[in-house]
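**Q** Attaching a single structure in structure tokens format; questions to follow.
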Amino acid sequence: MNVIEIANPIYDVVFKYLMEDHDIAKLILSTIIEEEIESLEFSPQESTIKIENRSLTVYRLDFSAKIRLSDNSYKQILIEIQKARYSTDIMRFRRYLGDHYKKMTNFYYSKEKGKKVSKKAIPILTIYFLGHELDNFNIPVIKVKRQYTNGSTGEVLKGKEPFIESLTHDSYVIVIPELNSDKQTELEKMLAIFDQSLIVSDDHILKIDEKNYPEKFKPIVRRLQMAIASNEIRKQMEVEDEIVEELQSLERVIEEQNEALAENKKKLTEKDNALAENKKKLTEKDNALAEKNNALAEKDNALAEKDNALAEKNNALAEKDNDLAEKDNALAEKDKIIEKLMQQLQT
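FYI, the working numbering numbers position 252 of the sequence shown as 464, with every residue one higher than the one before it.
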């Protein structure tokens, strides 16, 4: 047993140092994608992050490598290492992927037999190193490979189409917590350098048994041994720890805020429902009052009609009384005339 200490490559600065050696980078990438790589151009992306009013320049693992394969075709490999799970991960990955799809520099010139030189978009391939488990799979390496099929018959089509290759991509997802000592494939054996169960006390250092590591991958181990001897790399790993701690703290704050917002939303919904119920009751009450008012109005109209009828009857009676009074007056006048005539006859 020959146990040695190596720098933990899950740290961005260590992975960057590891991949700066082009032979090692080609070895790692060719083992993952299972294709021979003739050449590569690596472009790590620097990001500046502020922590407690300090401006720190760190190497975020947004690595982009343009590779030339044995058939002289090109691919753009995007590599992400995510040590912890954050709610913003997916959207950041999508933005980063979108940025590379729209880059005008991601092309190459191709000369096919009997044809003119043509400009072709470089197909994209993504590799994700995840420091957290997936929800539905307990597998260390997941390959997402496209397949051309006839939409009518389901027949698997042979060959590739530049249009499709330029707008779709394959992916490799390496789930670091699922890596263990029971390594079966060549790829899993190589990925042993990421096995976090090999941490003894210091998160920055892994202890591996060199005898169990294949000879062809020994240069990777040697490079990681060199990394652990660098004070600058150790210091940068400490900075990354601070950043992860700050991000996790921020994530907790965001989660608490989201929970508070969800609770407030629930209370507002309950309040809105209560207000809607009160409004419904008030509407029912208003409708009942309106019906009562309508009934009273109808009653008032009926009383008014009755009063009008009585008034008409009283008017008719008054006219009749006037007629009778006129008749009585006429009779009284007649009686006076008769009496006067009688007096004249007596004289």
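Virtual Cβ for every residue (Gly too), placed ideally from N, Cα, C.
1) According to DSSP, which residues form a beta bridge with R280?
2) Where DSSP assigns a beta bridge to I420, which residues make up the other side?
3) Use the C-beta contact count for M231: other C-beta atoms within 10 angstroms, 16 or more gives buried, fewer gives exposed.
4) Which residue or residues does DSSP assign as beta-bridge partners of K372?
5) What number of angstroms, rounded off, separates the C-alpha of Q437 from the C-alpha of E458?
6) Using only the alpha-carbon positions, how far apart do I245 and Y384 sit?
7) Measure how close the beta-carbons of P374 and I236 come, nearest whole angstrom, since I'm counting them as under 8 Å.
8) Taking the straight line between their C-alpha atoms, what separation do you get for L494 and D484?
9) Find the nearest neighbour of I388 within the set F406, L379, Q396, judged by alpha-carbon distance.
10) Apart from the five residues just before and just after S409, which ones in its own chain have a Cβ nearer than 7 Å to its Cβ?
11) Buried or exposed: R435, going by 16 or more other Cβ atoms within 10 Å of its Cβ?
12) Any idea what DSSP makes of D498, helix, strand or coil?
13) When we look at the beta-carbon of S330 and count the other beta-carbons within 10 Å, is it buried (16 or more) or exposed?
14) Might you give, ordered along the chain, the residues of its own chain that have their beta carbon closer than 7 Å to the beta carbon of Y320, omitting 5 neighbours on each side?
15) For the beta strand (DSSP E) containing D382, list its first residue and its last residue.
16) From this set, I249, V456, S378, which residue's C-alpha is nearest K295's C-alpha?
17) Going by the DSSP bridge assignment, what does F429 pair with across the sheet?
18) Helix or strand or just coil, what does DSSP make of L342?
19) For a test of the three-state rule: what should DSSP assign to S413, helix, strand or coil?
20) Looking only at C-alpha atoms, which of V225, M402, I386 sits nearest to V433?
21) Since I279 contacts I249 with CB under 8 Å, what's their CB separation in whole angstroms?
22) So for L337, helix, strand or coil by DSSP?
23) Please classify E452: is it buried, with 16 or more other beta-carbons within 10 angstroms of its beta-carbon, or exposed?
24) Provide the residue(s) that pair with S330 in DSSP beta bridges, ordered along the chain.
25) Strictly by DSSP, which residues pair up with K355?
26) Who pairs with T397 in a beta bridge, going by DSSP?
27) For the alpha helix (DSSP H) containing S242, list its first residue and its last residue.
28) On the three-state DSSP scale, how would you describe T361?
29) Given this structure, state the Cα-to-Cα distance separating D415 from E400, to the nearest angstrom.
30) Which same chain residues end up closer than 8 Å to G247 when comparing Cβ atoms and leaving out the 5 residues on each side of it in sequence?
31) Leaving aside the five residues before and after E367 along the sequence, list all residues of the same chain whose C-beta is less than 8 Å from its C-beta, in chain order.
32) From H381 to V226, what distance separates their C-alpha atoms?
33) Can you tell me which of the three DSSP states D519 falls into?
**A** Walking through what the data contain:
1) DSSP output for R280 lists S251, Y286 as bridge partner(s).
2) DSSP lists I216 as partners of I420.
3) With 16 or more Cβ atoms within 10 Å of its Cβ, M231 is classed as buried.
4) None; K372 has no bridge partner.
5) When rounded, the distance between both Cα atoms is 28 Å.
6) Distance between the alpha carbons of I245 and Y384 is about 8 Å.
7) Not quite, the Cβ-Cβ distance comes to about 31 Å (not below 8 Å), so this is no contact.
8) Approximately 15 Å, taken between the alpha carbons.
9) Residue F406 holds the alpha-carbon nearest to the alpha-carbon of I388 among F406, L379, Q396.
10) Once the five neighbours on either side are set aside, the close Cβ partners of S409 are N392.
11) Buried: at least 16 other Cβ atoms inside 10 Å.
12) D498 falls in the helix class under three-state DSSP.
13) By the 10 Å Cβ count, S330 comes out exposed.
14) Correct list, in chain order: Y286, K332, I334.
15) Where D382 is concerned, the enclosing beta strand (DSSP E) starts and stops at 382-387.
16) Looking at the Cα atoms, V456 is the closest of the given residues.
17) F429 has no beta-bridge partner at all, per DSSP.
18) In this structure, DSSP gives L342 an extended state, which the three-state scheme calls strand.
19) For S413, the three-state secondary structure derived from DSSP is coil.
20) Ranked by Cα distance from V433, the first of V225, M402, I386 is M402.
21) Separation of the CB atoms of I279 and I249 is rounded to 5 Å, and the pair is thereby assigned contact status at 8 Å.
22) The three-state secondary structure of L337, taken from DSSP, is strand.
23) Buried, since its Cβ has 16 or more Cβ neighbours within 10 Å.
24) Paired residue(s): S322.
25) Note: K355 is bridge-paired with Y384 in the DSSP secondary-structure output.
26) For T397, which the question treats as bridged, DSSP gives no partner whatsoever.
27) S242: member of the alpha helix (DSSP H) spanning 234-245, first to last residue.
28) Here T361 carries a strand assignment [DSSP, helix/strand/coil].
29) Near 21 Å, if we compare the C-alpha coordinates of E400 and D415.
30) One detail in the question is off: residue 247 reads as Glu in this sequence, not Gly. In its chain, beyond the 5 residues on either side, L281, S282 have a beta carbon closer than 8 Å to the beta carbon of E247.
31) If we look at E367 and ignore the five residues flanking it on each side, its Cβ neighbours are T361.
32) Rounded to the nearest angstrom, the two C-alpha atoms are 27 Å apart.
33) The three-state reading of DSSP puts D519 in helix, counting H, G and I together.
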